[in-house]
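Take 20 as the starting number for the sequence shown in this note's numbering and just add one per residue. Structure record follows, encoded as structure tokens.
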Amino acid sequence: MCSGVSEVLSSVVKDVDQAVSRNINGAQLLHELLSAPWLCALLKIYECLLKFQRLTPSPVLPYAAGLSHEVSPARELCSLLSSPHIQGATIRKDEATGDIYIARVIHGGLADRSALLHPGDLLVEVNGNPVVGLEPEQVIHILANSQGTILFKVIPNPSQASNSQTLVCMRAMVDYCPLQDSSIPCPDAGMAFSRGDLLQVVDQSDGQWWQARKLPCATSCAGLIPSASMLKSKQREQWWCQPLQCSLTSPAGFRRSFRVWKRTSYRKRRQSCTTCSPNTNALSTPYEEVVLYQRPPQENHRLIILVGASGVGVNELRKRLIKLNPSTFQGPVPHTTRSIRAGEQNGREYHFVTKELFEYMVCNHRFVEYGESKGQLYGISTDAIDEVLKRGRMCIIDAEPHSIQLLRTKKFKPYVIFIKPPKRETKQKNEYFAELEETSKLIEAKYKQFFDSVLVNDDLQDACIELCSIIQQAQDEPQWIPVSWGRAED
20 MCSGVSEVLS SVVKDVDQAV SRNINGAQLL HELLSAPWLC ALLKIYECLL KFQRLTPSPV
80 LPYAAGLSHE VSPARELCSL LSSPHIQGAT IRKDEATGDI YIARVIHGGL ADRSALLHPG
140 DLLVEVNGNP VVGLEPEQVI HILANSQGTI LFKVIPNPSQ ASNSQTLVCM RAMVDYCPLQ
200 DSSIPCPDAG MAFSRGDLLQ VVDQSDGQWW QARKLPCATS CAGLIPSASM LKSKQREQWW
260 CQPLQCSLTS PAGFRRSFRV WKRTSYRKRR QSCTTCSPNT NALSTPYEEV VLYQRPPQEN
320 HRLIILVGAS GVGVNELRKR LIKLNPSTFQ GPVPHTTRSI RAGEQNGREY HFVTKELFEY
380 MVCNHRFVEY GESKGQLYGI STDAIDEVLK RGRMCIIDAE PHSIQLLRTK KFKPYVIFIK
440 PPKRETKQKN EYFAELEETS KLIEAKYKQF FDSVLVNDDL QDACIELCSI IQQAQDEPQW
500 IPVSWGRAED
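Given below as structure tokens:
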């Protein structure tokens, strides 16, 4: 068959086309077969292979002859080197036998795409040099000093595991840097990530080191990350080495939603419901499995939580949003132990309750935040939030960062928006703005794994418009949520 088979096929199709026009029996079927796209593509590939065979001579390797005699199941692997290590693969040594094995093949790397290397394959020789008994560092040194084509003699692993693993998406709840981890097998193959990053885990076969890619760029080569159990162990070691810190929170943080009270009243009493919450753990989960969630029309709207440093304009944004469209947006009605006043209505301005009932609700973790002013207790309850959502409204609250975890439930499916202050030139900063900026950085560094979106409040009106757009997307477009929020009730 000549190299111009595509031209020959085209000529044949034209002749058959004439036969079709003359209604010759079977011509139509033959025309459809010869015109099939897959056949045209196959012939073009064949032509390319013929052209490549003519222009590219096969390499002559004087030491390749020994491959089929000394080790019958061995195979040769060429050009899988990217100094100073095999591209997309790591090696390990069996201390008992001295054999060198392929430890893992990185998904998306050259070795993986070639399908020539697999975990557990025995590495026998590199360019004719036996590697049995050598240390992995010595093997890498041989590879690094090799020039031109690299030839491996490999005995395939007879019990290769199936590589049909289910892809799992996870949100990183901690920071990780492979260059600062002395336990990682190959720092160059490691992948750094920060709190809040979305990771697509492609391989969990190793109990200590997983392979993952960062989303949304899931087409890139995977990198090594610690498994959940290993990262949890590292967290535990770091936690025990840290000095004991008091769990009490600063009274200056309790603000915004309760601005009906004077600022000085915040100092009298302030409690964080998360300090005694049963969900509070000293060590957080390093990874949180997530799935894409599209809110069905019949479900309640997602709770919208605004978070930011005091003075960044969170409360102003919330109030302006509710005023802009009160039939859509609404805040929860606070609870209080004070007496009802003239013109007030129970359940409108406040839920008026007894002190005993209020304290009972506190003990049962039914308050997001609460405090005391002039001898009376005030608080925002989860029941009040639920009331707004059940009425078909979008509930907007501004909460302290440490309250987020209490609200992260399947019932509320909260969407958390972090409000940041605008950037200012150093010469334009005053003491107040510098403190605001520093507080915002601290909040973001500690809680950004819970943030679904970030909004810079440079101009209140522009920020309000952008906030409306973000909230609409949160309700109507697919968003990443913890997998437990999407599971059906047992």
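Cβ coordinates follow ideal geometry from the N, Cα and C atoms, glycine included. All figures in this text were calculated on a predicted structure; none of them were measured in a lab.
Checklist line | For residue 440 and residue 187, the rounded distance between their alpha carbons | finding: 35 angstroms
Next item on the list: Classify residue 401 as helix, strand or coil using the three-state DSSP reduction.
Entry: helix
Check: DSSP three-state call for residue 393: helix, strand or coil?
Finding: coil
Next item on the list: Going by CA-CA distance only, name the one from 372, 341 and 347 that's closest to residue 356.
Entry: 372
Margin query: Once the 5 residues before and after residue 128 are set aside, which same chain residues still bring their CB inside 8 angstroms of it?
Written below: 106, 107, 108, 240 and 241
Note to self: Quick check on DSSP: helix, strand or coil for residue 422?
What the structure shows: helix
Check: Going by C-alpha distance, which of 226, 138, 212 and 224 is nearest residue 232?
Finding: It is 212.
Check: Can you tell me the Cα-Cα spacing of residue 67 and residue 28, whole angstroms?
Finding: Going by the C-alpha atoms only, they are around 16 angstroms apart.
Check: Three-state secondary structure (DSSP) at residue 438?
Finding: strand
Note to self: Using only CA atoms, which one of 320, 308, 123 and 430 lies nearest to residue 227?
What the structure shows: 123
Checklist line | Inter-residue Cα distance where the pair is residue 249 and residue 236 | finding: 25 angstroms
Item checked: Residue of 505, 475 and 192 minimising C-alpha distance to residue 429 -> 505
Item checked: Proximity of residue 143 and residue 173 at Cβ, strictly below 8 angstroms -> Contact: yes.
Notebook entry, point to check: Would you say residue 27 touches the ligand NAP, meaning its beta carbon is less than 7 angstroms from a heavy atom?
Noted result: This structure lacks the ligand NAP, and indeed carries no ligand of any kind.
Checklist line | Proximity below 8 angstroms, CB of residue 35 to CB of residue 46 | finding: In this structure, residue 35 sits near residue 46, with a CB-CB distance shorter than 8 angstroms.
Item checked: Bridge partners - residue 32, DSSP secondary structure assignment -> In DSSP, residue 32 forms no bridge with anything.
Note to self: Applying the 10 Å Cβ sphere with the 16-neighbour rule, what's the burial state of residue 317?
What the structure shows: exposed
Margin query: Check for me: the beta strand (DSSP E) holding residue 230 runs from which residue to which?
Written below: 228–233 is the extent of the beta strand (DSSP E) around residue 230.
Checklist line | Residue closest to residue 169, alpha-carbon to alpha-carbon, out of 177, 178 and 159 | finding: Considering only alpha carbons, the answer is 159.
Checklist line | Neighbour-count burial assignment, residue 276, 16 or more Cβ in a 10 Å radius | finding: Unreliable placement is indicated for residue 276, whose pLDDT of 42 sits below 50; the coordinate value is still reported in the next sentence. That one is buried.
Note to self: So, for residue 205: in the same chain, excluding its five sequence neighbours on each side, which residues have a beta-carbon less than 6 angstroms away from its beta-carbon?
What the structure shows: 109
Next item on the list: Please list, in chain order, all residues of the same chain as residue 280 whose beta carbon is under 6 angstroms from its beta carbon, the five residues on each side excluded.
Entry: Because the pLDDT at residue 280 is just 41, under 50, the model does not fix this residue reliably, and the point stays unresolved.
Note to self: I need the straight-line Cα distance from residue 56 to residue 39, nearest angstrom please.
What the structure shows: 19 angstroms
Notebook entry, point to check: Which of the three DSSP states, helix, strand or coil, is assigned to residue 458?
Noted result: helix
Checklist line | Residues near residue 426 by beta carbon distance below 6 angstroms, same chain, minus five either side | finding: 433
Item checked: Classification of residue 491 by the beta-carbon crowding that lies within 10 angstroms, buried from 16 upward -> exposed
Next item on the list: Flag this pair as yes or no: are the beta carbons of residue 399 and residue 406 separated by less than 8 angstroms?
Entry: Going by C-beta atoms, residue 399 is not nearer than 8 angstroms to residue 406.
Checklist line | Span separating the alpha-carbon of residue 352 from that of residue 343 | finding: 18 angstroms
Next item on the list: Measure the C-alpha to C-alpha separation of residue 210 and residue 155 and round it to an integer number of angstroms.
Entry: 21 angstroms
Check: When burial is assigned at 16 or more other CB atoms within 10 Å of the CB, is residue 294 buried or exposed?
Finding: Note on residue 294: pLDDT 44, under 50, position unreliable in the model; the coordinate value appears next. Exposed, because fewer than 16 other Cβ atoms sit within 10 Å of the Cβ of residue 294.
Next item on the list: Taking only the alpha-carbon atoms, compute the straight-line gap between residue 390 and residue 375 and give it to the nearest angstrom.
Entry: Distance between the alpha carbons of residue 390 and residue 375: 15 angstroms.
Next item on the list: Could you check the C-alpha separation between residue 222 and residue 501 for me, to the nearest Å?
Entry: 20 angstroms
Check: residue 416 and residue 350 look like a contact to me (Cβ under 8 angstroms); what is the Cβ gap, rounded to whole Å?
Finding: 6 angstroms
Margin query: Which residue marks the beginning of the beta strand (DSSP E) containing residue 190, and which one marks its end?
Written below: 187–191 is the span of the beta strand (DSSP E), which, as asked, contains residue 190.
Notebook entry, point to check: In terms of residue numbering, what span does the beta strand (DSSP E) encompassing residue 242 cover?
Noted result: 242–245
Margin query: DSSP has residue 175 in a bridge; who is on the other side?
Written below: BP columns for residue 175 are empty, so no partner.
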